[in-house]
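Some notes on the structure that comes next.
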Amino acid sequence: MAQRQLAVRENEPGELFVDSTCIECDTCRELAPEIFGSTESGQSFVRRQPAAESEWRPALWAVVSCPTASIGAERSAAAAARDLPVVVDGPVYRCGYSSEDSYGAQSYFVTRPEGNVLVDSPRFAAPLVKRLGALGGVRQMFLTHRDDVADHARFHERFGCDRIIHRADDVAGAEVLLEGDRELGPGLRAIWLPGHTRGSCALLVDDRYLFTGDHLWAWEGRLEMGRNVSWYSWSEQKKSLRKLLDYNFEWVLPGHGRSLQLPARRMREEIESLLTRSS
């Protein structure tokens with residue numbers, strides 16, 4: 003539970019606050035970007051207190067989703083907890099309920115006629131599990147890499163979903179092991195992108211949504227990737243980025259960092275720019 007005595011000085015005074023136990027995962031800023039900001043060090047803080055219910059709701063999603071319970075609010079978040087997952091675009095939902103075991107990585111839920119897909123693992127939280135069940139359950143769990151598997155076993159047990167991960171990163175005892183790129187179903191393609199880890203993979207859905215794990219993310223409206231978090235190979239990570247020029251997509255939906263939506267042509271230009279900046 004967040005402690006008022008540990009509240010960071012940057013918070014705007016009011017009912018909502020962030021304390022110094024924040025691990026800089028970015029969850030709150032994705033769920034409520036109008037309310038939460040970040041210092042130069044990455045520490046989250048309340049830059050503006052919610053002024054209406056329409057602003058309080060996403061702020062309270064952040065309260066229940068914070069992996070370290072570093073956000074406090076002087077009102078109940080019980081109703082907001084039952085909202086999650088929340089729609090990002092079309093069939094794509096953001097799960098919230100980030101897990102400290104995955105350093106607060108974002109996870110996603112995709113509804114599909116052939117069976118729903120959970121991308122990386124959130125916390126196994128009762129309100130979220132109930133809501134996923136109401137939305138049709140989970141048929142496949144796509145794990146982008148070894149770092150963000152969190153409560154995969156509990157979701158597998160509850161929904162009987164097949165867990166999918168690259169063989170080089172399998173710490174889950176997964177039912178489906180990838181060796182490289184692979185079609186997983188209509189409009190579902192796994193793309194092997196070694197770099198952050200040897201087995202890092204992205205999931206491309208309907209040639210529109212690219213779930214990138216920790217390979218690629220956005221910051222201040224630009225695509226980024228990090229040499230300092232390239233645990234396997236920076237040279238391989240750059241090759242993997244170039245590989246994405248073979249695909250069309252309009253969304254980058256990462257585990258860490260900000261999501262980004264651009265027309266496919268502009269997204270390609272952003273990748274080309276990042277390749278130049280990373281050379």
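Our numbering numbers the first residue of the sequence shown as 3 and each following residue consecutively. A virtual CB, placed ideally from N, CA and C, is assigned to each residue, including glycine. Quantities reported herein were computed from a predicted structural model and do not represent experimental measurements.
Using a Cβ-Cβ cut-off of 8 angstroms (strictly less than) and excluding sequence neighbours within five positions of residue i, which residues of its own chain qualify?
i, result
"Lys240", "Gly197, Leu277, Ser280, Ser281"
"Arg156", "Phe126"
"Arg6", "Phe19, Asp21, Gly74"
"Val119", "Phe111, Val112, Val140, Arg141, Gln142, Met143, Phe144, Leu190, Leu205, Val207"
"Lys245", "Ile193, Leu195"
"Val94", "Tyr110, Phe111, Val112, Val207, Tyr211, Trp253, Leu255"
I need the straight-line Cα distance from residue i to residue j, nearest angstrom please.
i, j, result
"Tyr249", "Leu212", "10 angstroms"
"Thr214", "Pro256", "5 angstroms"
"Val88", "Ser100", "14 angstroms"
"Ser22", "Ile73", "9 angstroms"
"Asp216", "Ser78", "33 angstroms"
"His158", "Pro60", "28 angstroms"
"Arg49", "Glu177", "44 angstroms"
"Arg96", "Asp164", "20 angstroms"
"Leu247", "Leu86", "33 angstroms"
"Ser109", "Pro15", "31 angstroms"
"Ala54", "Gly175", "46 angstroms"
"Ser275", "Gly98", "31 angstroms"
"Asp183", "Glu238", "15 angstroms"
"Arg133", "Arg268", "35 angstroms"
"Leu243", "Gly135", "35 angstroms"
"Glu226", "Leu218", "6 angstroms"
"Arg114", "Asp122", "17 angstroms"
"Trp63", "Pro35", "12 angstroms"
Could you pull the start and end residues of the alpha helix (DSSP H) that residue i belongs to?
i, result
"Ser40", "Element bounds for Ser40: not the alpha helix (DSSP H) but the beta strand (DSSP E), 38-40."
"Gly135", "128-136"
"Ser275", "266-279"
"Pro256", "It is not in any alpha helix (DSSP H) - Pro256 instead sits in the beta strand (DSSP E) that spans 253-256."
"Glu32", "29-33"
"Ala9", "That residue, Ala9, is in no alpha helix (DSSP H); it is neither H nor E in DSSP."
"His168", "It is not in any alpha helix (DSSP H) - His168 instead sits in the beta strand (DSSP E) that spans 164-168."
Please return the same chain residues whose Cβ sits closer than 7 angstroms to the Cβ of residue i, not counting the five positions on each side in sequence.
i, result
"Arg160", "Val131"
"Val173", "Arg148, Val151"
"Leu264", "Glu252, Glu272"
"Gly117", "Arg141, Gln142"
"Val10", "Val20, Asp21, Ser22, Gln45, Phe47"
"Ala266", "Asn250, Phe251, Glu252"
"Ser235", "Pro196, Gly197"
"Glu181", "Arg169"
"Asn13", "Phe19, Val20, Phe47, Val48"
Where do the N-terminal and C-terminal ends of the beta strand (DSSP E) with residue i fall, by residue?
i, result
"Arg96", "94-96"
"Ser46", "46-48"
"Trp233", "Unbroken run through Trp233: none, as it is neither H nor E."
"Arg141", "Arg141 -> no beta strand (DSSP E), and no H or E assigned at all."
"Ala64", "Unbroken run through Ala64 is the alpha helix (DSSP H), 55-67; no beta strand (DSSP E)."
"Arg184", "184-187"
"Arg224", "224-226"
Can you check whether the CB of residue j is closer than 9 angstroms to the CB of residue i?
i, j, result
"Trp253", "Arg224", "no"
"Ala82", "Trp58", "yes"
"Gly259", "Asp91", "no"
"Ala220", "Cys203", "no"
"Ile167", "Leu186", "no"
"Val112", "Val207", "yes"
"Arg31", "Ser40", "yes"
"Ser46", "Cys24", "yes"
Report all residues from its chain with a CB closer than 6 angstroms to the CB of residue i; omit the five preceding and five following residues, and keep chain order.
i, result
"Glu76", "Glu17"
"Ala170", "Arg200, Gly201"
"Met3", "Ala71"
"Val66", "Ala79, Ala83"
"Phe38", "Cys30, Arg31, Ser46"
Say the cut is 8 angstroms; is the CB of residue i nearer than that to a heavy atom of the ligand SAH?
i, result
"Asp171", "The ligand SAH is absent from the structure shown, which contains no ligands of any kind."
Assess, as a yes-or-no matter, whether the region 99-106 is touched by the region 142-157 under the definition of 3 or more beta carbon pairs within less than 8 angstroms.
-> Verdict: yes, contact present.
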